[in-house]
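The structure appears below as structure tokens.
Protein chains: 2
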Amino acid sequence: MITVPVDKLTEIGIEIFTKQGASLERATFLVETLVEANLTGHDSHGVYYYVRYSDRIKDGYIKVDAEPEIIKETPGTAYIDGHWTFGQMTAKKLVEVAVDKAKENMVAAVGAFNCNHIGRIGYYTNWAAKQGIISTFYVNVGHPIVSVHNGLGKTFGTNPYSASVPTGGDIPFLVDYATSVVAAGKLSVAKAKGVKIPKHWTRDQYGRVNDDPDILSKGGWLLPFGEYKGYGLQMVSELLGAALTGSRLGPQGVSVPPSPNGIFMMAVNPEAFVGLDEFVKTTDGLLEQVKNWPALGGERVMVPGEPEKETKEKRMREGIELPETTWTEINELCEKIGVDIDAILK
Amino acid sequence: MITVPVDKLTEIGIEIFTKQGASLERATFLVETLVEANLTGHDSHGVYYYVRYSDRIKDGYIKVDAEPEIIKETPGTAYIDGHWTFGQMTAKKLVEVAVDKAKENMVAAVGAFNCNHIGRIGYYTNWAAKQGIISTFYVNVGHPIVSVHNGLGKTFGTNPYSASVPTGGDIPFLVDYATSVVAAGKLSVAKAKGVKIPKHWTRDQYGRVNDDPDILSKGGWLLPFGEYKGYGLQMVSELLGAALTGSRLGPQGVSVPPSPNGIFMMAVNPEAFVGLDEFVKTTDGLLEQVKNWPALGGERVMVPGEPEKETKEKRMREGIELPETTWTEINELCEKIGVDIDAILK
């Protein structure tokens, strides 16, 4: 592993994307979302994508300069054509519009299509929460890797779900996860460490139980989390993320553009109910109570969002650890496009 | 088990509640929701409640004649005081208002407090779907019986989640489940059959793994489904259902009124996005594809809502099977309040 300070990793990313035609403002936002993923411990959604997104720019799948556009709008809704720019720019537009509308109209629903990979969705729900808005976010990934419950083979993407609410104190509330038992990145981590994976994560190509961290490349697939219950949520993400927005469905199974996202956010203003102050007061009290709840032996009760907060504090101090392969890839990319990584690291 | 025809069970219920002061219209709706729960296989939310609700009327917790009231309203939102009438009447008001607003405003969020037990929440999301409206529904149950992830003891209620979308063909789409591994009713069923329960459903009072179907009455508790992921959804139901609506939080742990529900629905009109026709067409195609997906050996892939549909068709034909204890209780109640059950069954 290589440890890189947060500011250096950010500077490298900004240079990478401005070199490829992104405006400074756009590159800065994009890189912030990726570095934030590493900071919060979600390395599978982090600067690993510097190279992937650069490939997609080169191949014409990411349109660096395109502007997301609202093509249908009411006081409470907006329907956005992302025009295949960086997914992060489309998601940023989506959450900004959703929050503005929730502030004015008390409730909003915003969806987008022609949208590239948006990164970690918790970034957006958490941003809304900081503006005093409650949100839920459903995303489909148009790249099948997860089976349906009792199904054989890959049907849907990891179709994540996120929800966040405003809090006042030190404890955040952020739910943000793939509807598979784990994200594919967890298998890569196990593979890099040379360890087996738990048997309830995947099936092999014949549907057999297995513990091979490399099983996805051998025709295996991830399972939905929590049996038929996680499967239900997986399908809600598919229907709201893709069917409602007109994005590519998981089972269509075509490979380009790579991993598009159909995205859908519902946003609610607490002022339409108990009011923001009262909501935050109740929520803070509840989260404090849960955080301090007695735990099973050897365990600890954590509030959703708390592990991310702790990891971020640690990594802000100590820097971000990257696998050798990721760091090598980034260096090769920089050399190819003319970013002087040594000058930045000096 | 006793098998009772659907129409007779309905008639008995209507007599039970009109005898206790409910209008015919109100009793008819209430009983329809309870019988529908049995029909769809969710016996834990069915006519078992004829007796429970009657007790709550007697004890003054259910106000038979009260009218749910909108106390705050915008074009897209409504905040409802249920005034402790039947929870079903409050939920009916909530879903009707949400659907009306979603039709006009394209998106709606409606929440309610002072709300008794509303029964099976899939009834309401499914009703919205039949009106062409997509909805998600979060409910808190102000009666702790489920632990938090890694926690010791009962923290939250079974805090269900539901989502439904319009479909055009024969296949419904309805997600509707407790955020615990199973509803408490499944333990009662196992107990009645004299069988052990799977070890991942509950913990005993000391937090130990066990397989005793009677463990809840011995100080044990249910676990959230899907480890930390189901736990996240459990807390979203608590925050939206209770903190946002001002309903009783799970950890408050007081016992009266029994099992109040804080309820919150978000409703979306597909016309604001791809349009209803296009949405239904895509959804039907996807559901057909999933329904016919290859299955693991000995299994079958079912669409969420399909098991309920099949059970309903069977029970409409064959009648509803009730445990002896439930049937005896209903008979005792009828005798006490002067409902001539034999005349109805003739």
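Those protein sequences? They're chains A and B, same order as listed.
If you read the first sequence in our numbering, its first letter stands for residue 3, the second for the next number, and so on.
If you read the second sequence in our numbering, its first letter stands for residue 3, the second for the next number, and so on.
All C-beta atoms, glycine included, are put in the ideal place defined by N, C-alpha and C.
Every value quoted in this text rests on a predicted model; they were computed, and no experiment measured them.
Whether residue i touches residue j by CB criterion (8 Å)
{"i": "S166 of chain B", "j": "L154 of chain B", "result": "no"}
{"i": "G171 of chain A", "j": "D286 of chain A", "result": "yes"}
{"i": "A111 of chain B", "j": "T284 of chain A", "result": "no"}
{"i": "S239 of chain A", "j": "Y126 of chain A", "result": "no"}
{"i": "Q236 of chain B", "j": "G221 of chain B", "result": "no"}
{"i": "L96 of chain B", "j": "M318 of chain B", "result": "no"}
{"i": "S100 of chain A", "j": "A131 of chain A", "result": "It is Ala, not Ser, that sits at residue 100 of chain A in the sequence shown. For A100 of chain A and A131 of chain A, no; Cβs fall outside 8 Å."}
{"i": "A186 of chain A", "j": "S46 of chain A", "result": "yes"}
{"i": "N118 of chain A", "j": "V143 of chain A", "result": "no"}
{"i": "P260 of chain A", "j": "H85 of chain A", "result": "no"}
{"i": "I4 of chain B", "j": "W329 of chain B", "result": "yes"}
{"i": "A297 of chain A", "j": "V305 of chain A", "result": "no"}
{"i": "A180 of chain A", "j": "I135 of chain A", "result": "no"}
{"i": "K21 of chain B", "j": "L347 of chain B", "result": "no"}
{"i": "Y63 of chain A", "j": "V197 of chain A", "result": "no"}
{"i": "I123 of chain B", "j": "S190 of chain B", "result": "no"}
{"i": "K349 of chain B", "j": "W223 of chain B", "result": "Only positions 3 to 348 of chain B appear in this structure, which leaves residue 349 of chain B out of reach."}
{"i": "P174 of chain A", "j": "G307 of chain A", "result": "yes"}
{"i": "M267 of chain B", "j": "M268 of chain A", "result": "no"}
{"i": "N116 of chain A", "j": "D83 of chain A", "result": "yes"}
Below-8 Å beta-carbon distance, residue i vs any chain A residue
{"i": "V303 of chain B", "result": "yes"}
{"i": "K74 of chain B", "result": "yes"}
{"i": "V167 of chain B", "result": "yes"}
{"i": "G221 of chain B", "result": "no"}
{"i": "M3 of chain B", "result": "no"}
{"i": "P306 of chain B", "result": "yes"}
{"i": "F139 of chain B", "result": "no"}
{"i": "G144 of chain B", "result": "no"}
{"i": "L298 of chain B", "result": "yes"}
{"i": "F281 of chain B", "result": "yes"}
{"i": "V177 of chain B", "result": "yes"}
{"i": "M237 of chain B", "result": "yes"}
{"i": "L241 of chain B", "result": "yes"}
{"i": "W43 of chain B", "result": "Contrary to the premise, residue 43 of chain B reads as Gly rather than Trp in this sequence. Chain A contact via Cβ: absent."}
Below-8 Å beta-carbon distance, residue i vs any chain B residue
{"i": "T227 of chain A", "result": "Checking the sequence, you will find Phe at residue 227 of chain A rather than Thr. It does: the Cβ of F227 of chain A has a partner Cβ on chain B nearer than 8 Å."}
{"i": "Q291 of chain A", "result": "yes"}
{"i": "K231 of chain A", "result": "yes"}
{"i": "N107 of chain A", "result": "yes"}
{"i": "M268 of chain A", "result": "yes"}
{"i": "A110 of chain A", "result": "yes"}
{"i": "P253 of chain A", "result": "yes"}
{"i": "I136 of chain A", "result": "yes"}
{"i": "L218 of chain A", "result": "no"}
{"i": "L246 of chain A", "result": "yes"}
Reduced DSSP category for residue i - H, G, I as helix; E, B as strand; rest coil
{"i": "V143 of chain A", "result": "strand"}
{"i": "P260 of chain B", "result": "coil"}
{"i": "G277 of chain B", "result": "coil"}
{"i": "G155 of chain B", "result": "coil"}
{"i": "A176 of chain B", "result": "First, the residue type needs correcting, since residue 176 of chain B is Leu and not Ala in the sequence shown. Three-state DSSP puts L176 of chain B in a strand."}
{"i": "P309 of chain A", "result": "helix"}
{"i": "P296 of chain B", "result": "coil"}
{"i": "D102 of chain A", "result": "helix"}
{"i": "I339 of chain A", "result": "helix"}
{"i": "T247 of chain B", "result": "coil"}
{"i": "L204 of chain B", "result": "For the record, residue 204 of chain B in the displayed sequence is Thr; it is not Leu. Strand at T204 of chain B."}
{"i": "D57 of chain A", "result": "helix"}
{"i": "V167 of chain B", "result": "coil"}
{"i": "P70 of chain A", "result": "coil"}
Assumed close pair residue i, residue j - CB separation to whole angstroms, cut-off 8 Å
{"i": "A114 of chain B", "j": "T87 of chain B", "result": "Contact flag wrong, Cβ pair sits at about 11 Å."}
{"i": "Y52 of chain B", "j": "G15 of chain B", "result": "6 Å"}
{"i": "L335 of chain B", "j": "S56 of chain B", "result": "6 Å"}
{"i": "I120 of chain A", "j": "I265 of chain A", "result": "6 Å"}
{"i": "T49 of chain A", "j": "V270 of chain A", "result": "Per the sequence shown, residue 49 of chain A should be read as Val rather than Thr. With a Cβ gap of about 33 Å, V49 of chain A and V270 of chain A do not count as contacting."}
{"i": "P226 of chain A", "j": "G43 of chain A", "result": "Not confirmed; about 22 Å, so no contact."}
Listed by chain order, chain B residues near residue i by CB distance under 8 Å
{"i": "V150 of chain A", "result": "V292, W295, V303"}
{"i": "I173 of chain A", "result": "Correct list: empty, because the minimum Cβ distance to chain B is about 12 Å."}
{"i": "L375 of chain A", "result": "As shown, chain A starts at 3 and ends at 348. That puts residue 375 of chain A outside it, with no answer to give."}
{"i": "T204 of chain A", "result": "Within 8 Å Cβ-Cβ: nothing; T204 of chain A doesn't reach chain B, min ~13 Å."}
{"i": "T157 of chain A", "result": "V292, W295"}
Per-residue contacts from residue i into chain B (C-beta, under 9 Å)
{"i": "Y81 of chain A", "result": "A274, F275, V276"}
Residue i: contacting residues in chain A (beta-carbon distance under 9 Å)
{"i": "L189 of chain B", "result": "Near L189 of chain B there are no residues of chain A at all, since even the closest Cβ is about 17 Å away, more than 9 Å."}
Proximal chain A residues relative to residue i, where beta-carbon distance stays under 7 Å
{"i": "G113 of chain B", "result": "F275"}
Minimum Cβ-Cβ distance from residue i to chain D less than 8 Å
{"i": "L288 of chain A", "result": "In summary, chain D is missing from the structure at hand, where the protein chains are A and B."}
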